[in-house]
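Engineer: The following block contains the structure, expressed as structure tokens.
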RNA sequence: AGUCCCGUAGUUCAAUGGAUAGAAUAGAAGUUUCCUAAACUUUAGAUGCAAGUUCGAUUCUUGCCGGGACUACCA
């Protein structure tokens, strides 16, 4: 049993003996004792004054006395107002660390047999990935890791948006102005090459609109009547009809993009178990429309269009099939739900998609529940906020985006410069050094994007994000490297990492053990909230607390060899916990830096 | 207009209804004959406004003020 388990069990016993009250395990809440008071765990007695029929302070004292007499783990306690602060005995701390060091995958839950699908990334094949995609990909990858740590079997999927009018736009521009350019001939990554033509389309399209407005058309009409957009629409029609030339071009261009994405994903360090393509799924969902009509979930208007009445959920009426029988976005998403479930019978399905689609997913989930899908309650939209720049919002067509590839390579370069400045690459081979720069640069970027609560809109300041000091990825990585050095030294000196009894602990050592003890809880919370920021915060707290200990206590400088062994064991467990926390975030933990 | 999200130090972020609201960074002052100073210590600085519920509210409720998103027979 861990610390919290012991305390709770003691409290339950105390309540039943003293007050004949049955305290429920789930309702007990313990909090960390504030730094300025003695103790490590605090129990708040205010809510129980009714049960004890005494004032909170007296209640706390009574409980403290009881625990002191009837358990073997309480060294002492103090009461401030209604707060019962508990100081645990050294043997308790030691047994906790001992227990942790014997676990194989400390913090991870046992497999629970449930399946989860996590969909993330979902790029369009008409332009390269940008800063917003980085947040999406890092979130998705990390949440998948966190759910795995919570015992789920996770399948990571990527639903690529590879068809539609926007794809035709870049295709059309390429046909008109491409002159047969290829990634090889241009030296551009495939996705960047295609992105270039998407921008060209937009520029030329805008010129046409301007000309039409000049000639007296209202803006709305001009947008619809411009030659380029009509041509793009015609091209989409051809694609849908399976026109060979169009399809061949589409395949060629998409393959360039895929090759480009592959490089980007590799640099990001993310991966997928399965790729879905919208060109294969865009016709799905029509049978669900029929089903919905039968079940009375949908209704049909006179013009044959089909609607869902969601006014009871404050979601209004929503079109699910056009009057001419063709699909809309939500139609295929309904179909995709079932398709995914057929591929993997999941209990949860997570969609990592920006918060501008909150409404869409509310509608989709509401419909799937009304249709009685067994997985309806397990659908979850991991909705994240935009990433803003100091200069304002990013717009891909206007070129005010921060490109993902550029940003990552800048981070790596900065990491290299900084590392060289500190003179920290002695004894590194070129490959090792390069690997280190990538670990640090991407560690900084990932941590920066993941430490923030996903649902919050966040500001990306290029200057601050490349800081390597303070609450940053490299700070945590540094702590890991520092501990690794200690462990190497311990090995060299022939010290063991073992937890012996009969030693007294420094307060910083207790604080570190307390944090280690919390690791499983934090993983559980991160899973429940789908929030990597919980893990990021934890890793930072742990690194900070360890550095404090490191500063106060000289690890190898002690007459008692048992203390040295204990400190090494403590360091080793911290290194493991940091490494696995960073791992959950998709960040590597270097042994040297 | 309606629906949803967000307002916390100068700045970027924390805080299952709990104590004197934590960090980081920028500012000021220190620590290196000693395990990696990408570190540590000290210092100063904040809950948009107004009510309500509560022993206790950054957190829950309502109203207002500010910022954003969505409300397409686009995807």
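Numbering (this note's numbering), first residue to last: 86 to 678.
Even for Gly, the Cβ is constructed at its ideal location relative to N, Cα and C.
#1: Distance, Cα to Cα, residue 210 vs residue 132?
#2: Rounded to whole angstroms, how far is the Cβ of residue 302 from the Cβ of residue 310, which I believe are closer than 8 Å?
#3: Are the CB atoms of residue 667 and residue 660 within a distance shorter than 8 Å?
#4: Please determine, among 271, 627, 495 and 550, the residue with the shortest C-alpha to C-alpha distance to residue 602.
#5: Excluding five sequence neighbours on each side, which residues of the same chain lie with their C-beta closer than 8 Å to the C-beta of residue 449?
#6: For residue 106, which residues from the same chain have a beta carbon less than 6 Å from its beta carbon, with the 5 sequence-adjacent residues on both sides left out?
#7: Restricting to Cα atoms, I'd like to know which of 283, 277 and 471 is closest to residue 262.
#8: List in chain order: all unbroken beta strand (DSSP E) runs of 3+ residues lying wholly within the region 340-368.
#9: From residue 248 to residue 267, what distance separates their C-alpha atoms?
#10: Could you compute how far the alpha carbon of residue 321 sits from the alpha carbon of residue 554?
#11: Run through the region 384-440 for me and flag every whole alpha helix (DSSP H) of 4 or more residues, listed as ranges in chain order.
#12: Entirely within the region 220-259 and at least 3 residues each: give me those beta strand (DSSP E) ranges in chain order.
#13: Do you know whose CA, among 153, 154, 155 and 128, lies nearest residue 142's CA?
#14: Between the alpha carbons of residue 611 and residue 643, how many angstroms are there, rounded?
#15: Judging by CA-CA distance, which residue of 535, 200 and 410 is the nearest neighbour of residue 370?
#16: If you follow the alpha helix (DSSP H) that residue 455 is in, where does it begin and where does it stop?
#17: Short of 6 Å in beta carbon distance, which residues of its chain neighbour residue 454, apart from the five on each side in sequence? Order them along the chain.
#18: Near residue 493, which residues of its chain fall below 6 Å by C-beta distance, leaving aside the five closest residues on each side in sequence?
#19: Measuring CB atoms only, is the region 493-504 touching the region 526-544, in the sense that at least three cross pairs come out at less than 8 Å?
#20: Label residue 339 either buried or exposed according to how many other C-beta atoms from any shown protein chain fall within 10 Å of its C-beta, with 16 as the threshold for buried.
#21: Excluding sequence positions up to five away, which residues of its chain have a Cβ less than 6 Å from the Cβ of residue 200?
#22: Residue 209 bridges to which residues according to DSSP?
#23: Taking Cβ to Cβ, would you say residue 598 is nearer than 8 Å to residue 178?
#24: Ordered along the chain, which non-local residues of its own chain (more than five positions away) have a Cβ less than 6 Å from that of residue 186?
#25: Does residue 116 come out as helix, strand or coil in the three-state DSSP assignment?
#26: Output yes or no for whether 8 Å exceeds the beta carbon distance between residue 223 and residue 276.
#27: So, for residue 393: in the same chain, excluding its five sequence neighbours on each side, which residues have a beta-carbon less than 6 Å away from its beta-carbon?
#28: Taking residue 91 as part of the alpha helix (DSSP H), name the residues at either end of that continuous run.
#29: Whole angstroms is fine: what's the gap from residue 234's alpha carbon to residue 507's?
#30: When DSSP builds the beta bridges, which residues end up paired with residue 202?
Structural biologist: Taking the definition as stated:
#1: When rounded, the distance between both Cα atoms is 57 Å.
#2: Confirmed, about 7 Å.
#3: With a cutoff of 8 Å on beta-carbon distance, residue 660 and residue 667 are scored as not near each other.
#4: Nearest of 271, 627, 495 and 550 to residue 602, Cα basis: 627.
#5: Setting aside the 5 residues that flank it on each side, residue 449 is surrounded in the same chain by 415, 418, 419, 422 and 464, each with a C-beta closer than 8 Å to its C-beta; the list follows chain order.
#6: Same-chain partners within the cutoff: 100 and 136.
#7: Checking every option, the nearest Cα to that of residue 262 belongs to 283.
#8: Those beta strand (DSSP E) runs which fall completely within the region 340-368 and span 3+ residues are 359-362.
#9: Approximately 20 Å, taken between the alpha carbons.
#10: Straight-line Cα distance between these residues: approximately 51 Å.
#11: Residue ranges of uninterrupted alpha helix (DSSP H) with 4 or more members, entirely inside the region 384-440 and ordered along the chain, are 414-428.
#12: Listed in chain order, the complete beta strand (DSSP E) runs (minimum 3 residues) inside the region 220-259 are 238-245.
#13: The candidate whose alpha carbon is nearest that of residue 142 is 128.
#14: Looking at the backbone, the Cα of residue 611 and that of residue 643 are separated by about 39 Å.
#15: For the set 535, 200 and 410, the Cα lying nearest the Cα of residue 370 is the one of 410.
#16: Its alpha helix (DSSP H) spans residues 443-455.
#17: Here the set comprises 461.
#18: Contacts found: 352.
#19: They touch, by the three-pair rule.
#20: Of the other Cβ atoms in all chains shown, 16 or more fall within 10 Å of the Cβ of residue 339; this residue is therefore buried.
#21: When the five nearest sequence neighbours on each side are left out, the beta carbons in the same chain lying within less than 6 Å of the beta carbon of residue 200 are those of 238, 429 and 431, in order along the chain.
#22: Answer is 246.
#23: Taking 8 Å as the cut-off, the Cβ atoms of residue 598 and residue 178 count as close.
#24: Excluding sequence neighbours, residue 186 sits near 654 and 658.
#25: Residue state, collapsed to three classes: strand.
#26: Not closer than 8 Å, so no.
#27: For residue 393, same chain residues with a beta-carbon under 6 Å away, outside a window of 5 residues either side, are 383, 403, 405 and 452 in chain order.
#28: Taken as a continuous stretch (DSSP letters only), the alpha helix (DSSP H) holding residue 91 covers 88-104.
#29: Going by the C-alpha atoms only, they are around 36 Å apart.
#30: For residue 202, which the question treats as bridged, DSSP gives the partners 240 and 434.
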